[in-house]
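Engineer: Pasting in a structure now, in structure tokens, and then I'll have a few things to ask.
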Amino acid sequence: MKILVPVKRVVDYNVKIRVKPDGSGVELANVKMSMNPFDEISVEEALRIKERGEATEVVVVSIGPAKAEETLRTALAMGADRAVLVETDDAIEPLAVAKILKAVAEAEQPGLIVVGKQAIDDDSNQTGQILAALLGWPQATFASRVEIGSEKATITREVDGGLQTIEVKLPAVVTTDLRLNDPRYASLPNIMKAKKKPLDKKAPADFGVSTEPRLKLLKTEEPSGRKAGVRVNSVAELVDKLKTEAGVL
Ligand code: AMP
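Numbering-wise (our numbering), the sequence shown opens with residue 138 and increments by one.
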């Protein structure tokens, strides 16, 4: 079985985001970029499935600018076998990403696609769900445990009330949640080896997909700053403030 893992290049999660002065978006110039953290978890899970002997190949795919090759090389250094870069400088929305991923899936015929639950730049949480619908495959979202059986997978999902375990027929789309695993770091020798692993370059037009946006971004704003707190001298004063100022009691 082949596993397909989409990985997105996003602003590193440690970076303090700055909004462009004209409000047209987030400042990306000279900002550290990394693999979306949920996609690191997806790569790790795919590698573990392969290491258990339940998959034969892990293929990673990214849709983005030429620099997304670095993100793919990171995934290759973690242990993925092969990469596909679908190059575009356009800001690309989940529907177009899913259409491209569908075309890649049709070409690659994976038994499983492991997608991050959300990309931390736009927080859409849409791509995996749209992809499953376009392919007509079952989806198991927010996975915190993945077990592969013959022709089916058992997925434990993180839901509001606790954990839900479901069974899906393969091929399927799984989206990964934070507690699924701790992704490995790439070792230096593996980073060197990754430079020689195969990376295929494509364009959205090769798949007949238009990346024209359907949404119009009106404005981007910084969240309003938090007001300083106050120190109270007694429980009675706290209760009083909660009643009279916070309106919570
Ligand atoms: P989103 O729906 O944008 O929150 O993204 C959810 C997941 O879809 C991400 O964690 C990635 O696995 C995948 N994804 C989204 N955009 C891209 C992209 N440009 N290239 C590759 N994978 C992507």
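We treat Cβ as the ideally placed atom computed from N, Cα and C, and that holds for glycine.
Is P143 near ligand 1, in the sense that its beta carbon is under 7 Å from a heavy atom of that ligand?
Structural biologist: Along the sequence shown, one-based indexing puts residue 143 at 6. P143: yes, Cβ under 7 Å from ligand 1.
Engineer: Which residue wins for smallest C-alpha separation from L184, given the options S171, E164 and G216?
Structural biologist: Stepping through the sequence shown from its first residue, residue 184 is reached at position 47. Minimum Cα distance to L184 is reached at G216.
Engineer: Using three-state DSSP, classify R189 as helix, strand or coil.
Structural biologist: By 1-based counting over the sequence shown, the position of residue 189 is 52. Three-state DSSP puts R189 in coil, outside helix and strand.
Engineer: Does ligand 1 have a heavy atom nearer than 7 Å to the CB of T264?
Structural biologist: Working through the sequence shown from its first residue, we reach residue 264 at position 127. Yes, Cβ of T264 sits closer than 7 Å to a heavy atom of ligand 1.
Engineer: Identify the continuous beta strand (DSSP E) that holds R316 and give its terminal residues.
Structural biologist: As a working mapping, residue 316 is identified with position 179 in the sequence shown. No beta strand (DSSP E) holds R316; DSSP gives it neither H nor E.
Engineer: Given a cut-off of 8 Å, decide if T278 and E284 are closer than it, judged by their beta-carbon atoms.
Structural biologist: The residue given as residue 284 occupies position 147 in the sequence shown. The residue given as residue 278 occupies position 141 in the sequence shown. No, Cβ-Cβ distance for E284 and T278 is not below 8 Å.
Engineer: Buried or exposed for S179, going by 16 or more other Cβ atoms inside 10 Å?
Structural biologist: One-based indexing of the sequence shown puts residue 179 at position 42. Buried: at least 16 other Cβ atoms inside 10 Å.
Engineer: Terminal residues of the continuous beta strand (DSSP E) containing D377?
Structural biologist: Within the sequence shown, numbered from 1, the residue matching residue 377 stands at position 240. Careful: D377 lies outside any beta strand (DSSP E), inside the alpha helix (DSSP H) at V372 to K378.
Engineer: Using the Cα positions of P275 and G366, report the straight-line distance between them to the nearest angstrom.
Structural biologist: Residue mapping note: residue 275 aligns to position 138 of the sequence shown, counting from 1. Residue mapping note: residue 366 aligns to position 229 of the sequence shown, counting from 1. Going by the C-alpha atoms only, they are around 48 Å apart.
Engineer: Using only the heavy atoms of ligand 1, determine whether one of them is closer than 7 Å to the beta carbon of S171.
Structural biologist: Numbered from 1 along the sequence shown, position 34 holds the residue referred to as residue 171. For ligand 1, not one heavy atom lies less than 7 Å from the Cβ of S171.
Engineer: For the region 220-240 and the region 337-356, state whether three or more C-beta atom pairs, one from each stretch, are separated by less than 8 Å.
Structural biologist: With the cut-off at 8 Å, the region 220-240 and the region 337-356 touch.
Engineer: Please tell me whether L317 and L268 are closer than 8 Å, where the distance is taken between their beta carbons.
Structural biologist: Residue mapping note: residue 317 aligns to position 180 of the sequence shown, counting from 1. Residue mapping note: residue 268 aligns to position 131 of the sequence shown, counting from 1. No, the pair does not count as a contact, with Cβ atoms beyond the cut-off.
Engineer: Taking only the alpha-carbon atoms, compute the straight-line gap between Q255 and S261 and give it to the nearest angstrom.
Structural biologist: By 1-based counting over the sequence shown, the position of residue 255 is 118. By 1-based counting over the sequence shown, the position of residue 261 is 124. Whole-angstrom Cα-Cα distance: 6 Å.
Engineer: Do you know whose CA, among S324, M172 and K153, lies nearest V163's CA?
Structural biologist: Here the question's residue 163 lines up with position 26 in the sequence shown. Looking at the Cα atoms, K153 is the closest of the given residues.
Engineer: Please confirm whether E182 and T313 have their CB atoms less than 8 Å apart.
Structural biologist: Locating residue 182 in the sequence shown gives position 45, counting from the first residue. Locating residue 313 in the sequence shown gives position 176, counting from the first residue. It is a contact, given that the beta carbons lie within the stated cut-off.
Engineer: I'd like the span of the beta strand (DSSP E) that includes E194, first residue to last.
Structural biologist: The count along the sequence shown starts at 1 and reaches residue 194 at position 57. It spans E194 to G201 - the beta strand (DSSP E) in which E194 sits, taken as one unbroken run.
Engineer: Would the region 327-346 count as touching the region 289-309 if we require 3 or more Cβ pairs under 8 Å?
Structural biologist: They do not touch, by the three-pair rule.
Engineer: For Y322, which of R210, R155 and F344 has the nearest alpha-carbon?
Structural biologist: Sequence index remark: in the sequence shown, residue 322 carries index 185 (1-based). Considering only alpha carbons, the answer is R210.
Engineer: Tell me the rounded alpha-carbon separation between G253 and S287.
Structural biologist: On the sequence shown, residue 253 is found 116 positions in, with the first residue counted as 1. On the sequence shown, residue 287 is found 150 positions in, with the first residue counted as 1. Each residue's Cα considered, the two are about 24 Å apart.
Engineer: Can the beta-carbon of L222 be found closer than 8 Å to that of A242?
Structural biologist: Reading the sequence shown from its first residue, position 85 is the one you call residue 222. Reading the sequence shown from its first residue, position 105 is the one you call residue 242. Contact: no.
Engineer: DSSP three-state label for E177, please.
Structural biologist: As a first step, residue 177 is located in the sequence shown; it is residue number 40 there, counting from the start. In this structure, E177 counts as helix in the three-state DSSP scheme.
Engineer: Quick check: does the Cβ of D226 come within less than 7 Å of any heavy atom belonging to ligand 1?
Structural biologist: What you label residue 226 is simply residue 89 of the sequence shown in a count that begins at 1. No, the Cβ of D226 stays beyond 7 Å of every heavy atom of ligand 1.
Engineer: Quick check: the Cα distance between L226 and I140, rounded to an integer number of angstroms?
Structural biologist: The count along the sequence shown starts at 1 and reaches residue 226 at position 89. The count along the sequence shown starts at 1 and reaches residue 140 at position 3. One point to set straight first is that residue 226 is Asp, not Leu, in the sequence displayed. Cα-Cα distance, rounded: 26 Å.
Engineer: How would you write the range of the beta strand (DSSP E) that K334 sits in, first residue to last?
Structural biologist: The residue you call residue 334 lines up with position 197 of the sequence shown. Segment: none, K334 is in no beta strand (DSSP E) and carries neither H nor E.
Engineer: Roughly how many angstroms separate the alpha carbons of L354 and K157, rounded to a whole number?
Structural biologist: By one-based count along the sequence shown, residue 354 stands at place 217. By one-based count along the sequence shown, residue 157 stands at place 20. Each residue's Cα considered, the two are about 13 Å apart.
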